[in-house]
Amino acid sequence: MPDSKRNSQSQGPRLEQKLLLTRTEKLYLNILEAPYHVLREKYLPVVELDDTYHPYAEDLHEVLVKLLPYLGLSDQEEQIAEYIIYNIDSTGKLRITPEELTEKFSIDLLHAQKMVELILTEFSEEIAQHTFNEDQAYIEPDVIMTPEKVEVRKIDVRDPIIAKALHMREETIAKICEEIRKVNEYFLRGYRKYPQVFTMRYMARLLGLHVSTVSRAVRNKYVSTPFGILPLRFFFGRTINRKIILQEIEKLLSMDDNLTDFHITLVLKSAGIQISRRTVNKYRKIIESQSGRQIK
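Add 53 to the 1-based position in the sequence shown for my numbering, that's all there is to it.
Set out below in structure tokens:
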């Protein structure tokens with residue numbers, strides 16, 4: 054038998070075995086993925102350690118409006134988006150129709166439908182989190198993050214297996230959030246306008262974890278920051294919208310059209326927008342071709 058066939062046959066059972074999880078491993082993954090409030094309710098009675106956080110009453114609408122600027126909408130579109138957000142009820146259903154939007158904002162039906170789809174798609178996780186239980190009055194973050202430190206909220210139980218799973222969960226979340234904190238210290242201090250975002254794959258390589266482990270650790274988690282409570286996935290993949298970058302470059306050029314691409318790149322990076330000089334030049338050409346100004 055050829056070596057290639059022998060190797061593929063010998064590796065087959067091993068790969069299948071890796072996909073089969075034990076009950077303990079499944080427990081670890083389920084606990085890693087679960088948000089704090091679910092674990093607290095499930096494993097009562099518990100003793101909470103080092104918990105100096107007081108729940109913050111922030112409803113669905115406040116959370117979504119806080120994330121709205123990262124969609125890079127125009128002024129009119131942002132007004133429409135806010136109207137849509139404030140018409141989402143406590144069960145997550147939209148109380149208005151696209152037809153009503155067309156009448157109120159004098160836009161065509163297709164545009165109204167796209168705006169509704171945008172809000173419901175982009176903020177699907179936040180909507181699900183805040184409408185999970187109508188009796189749930191507070192957002193309870195899993196992590197408290199300041200510019201100086203990261204603190205994962207802990208739960209102490211007597212069962213050794215569950216205790217080990219909770220400890221592993223805390224360690225994983227703490228490692229991820231510590232990397233976020235180090236890169237975003239200036240953002241947390243208010244010196245940068247936008248946060249530095251990560252990809253799941255990059256974070257997994259950085260910490261030596263599997264991508265699915267990072268995804269589970271981030272999913273449905275909230276972090277308390279100096280700017281309020283934010284979804285942890287706020288720091289993953291929610292890259293700065295192209296429209297926002299164009300707007301920022303246009304503002305800089307309106308103040309000084311002699312700025313070079315290199316200088317614009319430095320200014321944007323200082324604000325938290327990671328961008329290359331070549332990309333700046335591409336966006337600058339778009340802006341200057343529209344305004345008729347000459348490229349410096």
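For every residue, glycine included, the Cβ atom is placed at its ideal position computed from N, Cα and C.
These numbers come from a predicted model, not from an experiment.
Tell me, which residues are paired with residue i by DSSP?
i	result
Pro284	Tyr275
Val205	Val196
Phe240	The partner list for Phe240 (beta bridge, DSSP) is empty, contrary to what the question assumes.
Phe158	The partner list for Phe158 (beta bridge, DSSP) is empty, contrary to what the question assumes.
Tell me where the alpha helix (DSSP H) around residue i begins and ends.
i	result
Asp314	314 to 323
Lys246	No alpha helix (DSSP H) contains Lys246, which DSSP labels as neither H nor E.
Asn311	Per DSSP, Asn311 belongs to no alpha helix (DSSP H) and is neither H nor E.
His263	Per DSSP, His263 belongs to no alpha helix (DSSP H) and is neither H nor E.
Tyr81	76 to 86
Tyr96	First-last for Tyr96: undefined, no H or E at that position.
Val116	113 to 120
For residue i, name the three-state secondary structure that DSSP assigns.
i	result
Ile326	coil
Tyr336	helix
Ile141	strand
Leu219	helix
Leu350	Nothing in the structure corresponds to residue 350, since the chain is present only between 54 and 349.
Phe176	coil
Just to confirm my understanding: we take residue i, look at its own chain, exclude 5 residues before and 5 after, and list those with CB closer than 7 Å. What are they?
i	result
Val203	Val196, Ala227, Cys230, Glu231, Arg234
Identify, in the order they occur along the chain, each residue of the same chain with its Cβ nearer than 6 Å to the Cβ of residue i, setting aside the five sequence neighbours on each side.
i	result
Val333	Asp314, Ile317, Thr318
Leu285	Val271, Lys274, Val276
Using a Cβ-Cβ cutoff of less than 8 Å, which residues in the same chain neighbour residue i once the five nearest sequence positions on both sides are dropped?
i	result
Arg148	Asn140, Ile141, Asp142
Ile302	Ile317, Leu321, Val333, Tyr336, Arg337, Ile340
Leu162	Pro151, Glu152, Thr155
When you compare the CB of residue i with every CB in chain D, is at least one pair closer than 7 Å?
i	result
Val320	Among the protein chains of the structure shown there is no chain D, as only one such chain exists.
Cβ contact (3+ pairs, closer than 8 Å) linking the stretch 160 to 179 and the stretch 115 to 135: Three or more beta-carbon pairs separated by less than 8 Å link the stretch 160 to 179 to the stretch 115 to 135, which places the two stretches in contact.
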